[in-house]
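Remarks on the structure that follows.
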Amino acid sequence: MGQFLLVDSRRLDGFEDLHQAVHGSHVDVMQRGRGRLRGRLSHIGIGAFSLSIGAFNLGMRTQRSSRDDKLIVGMLLAAEERVAHWSFDMQRNDVLVIPPLLEHDGVFHGASAYAAMRFDLN
1 MGQFLLVDSR
11 RLDGFEDLHQ
21 AVHGSHVDVM
31 QRGRGRLRGR
41 LSHIGIGAFS
51 LSIGAFNLGM
61 RTQRSSRDDK
71 LIVGMLLAAE
81 ERVAHWSFDM
91 QRNDVLVIPP
101 LLEHDGVFHG
111 ASAYAAMRFD
121 LN
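So for the sequence shown, full-length UniProt numbering puts the first residue at 1; every next one is plus one.
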């Protein structure tokens with residue numbers, strides 16, 4: 001069976017648009033602070049592999065469900081303020097690995113940008 005290439009790029013116009021921050025993985029999102037969230041979100045995918053690149057202008061709290069059975073490898077590309085995942089501070093260009101079936105919690109205290117790959121280990 002053939003696989004299709006997915007290419008999608010859009011503007012973010014509210015925190016709700018970040019529920020698909022990593023293509024194929026549902027992320028619960030809560031905005032920190034006032035104002036309207038703006039930014040961009042792009043996805044490229046084929047089969048069980050996807051690459052997502054996002055940037056946003058306000059602080060966010062994110063949480064991935066433990067039901068996701070795919071591995072995520074992400075990189076913090078930019079951050080105006082503190083960013084923490086699992087209570088560990090991240091710096092620009094740090095890499096984060098989120099194993100399958102593991103809940104994840106992240107806090108972005110200000111405008112940030114990231115890239116994330118999601119794929120099946122099988």
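Beta carbons: idealized from backbone N, C-alpha and C, even for Gly.
{"query": "Bridge partners for residue 49 per DSSP, in chain order?", "result": "46"}
{"query": "Which of helix, strand or coil does DSSP assign to residue 19?", "result": "helix"}
{"query": "Taking the straight line between their C-alpha atoms, what separation do you get for residue 100 and residue 122?", "result": "12 Å"}
{"query": "Could you check where the beta strand (DSSP E) with residue 104 kicks off and where it finishes?", "result": "104–108"}
{"query": "Based on DSSP bridge pairs, tell me the residues matched to residue 85.", "result": "88 and 106"}
{"query": "Can you tell me the Cβ-Cβ gap for residue 123 and residue 111, rounded? I've got them flagged as a contact below 8 Å.", "result": "Only positions 1 to 122 of the chain appear in this structure, which leaves residue 123 out of reach."}
{"query": "So is residue 46 buried or exposed if we call it buried at 16+ other beta carbons inside 10 Å?", "result": "exposed"}
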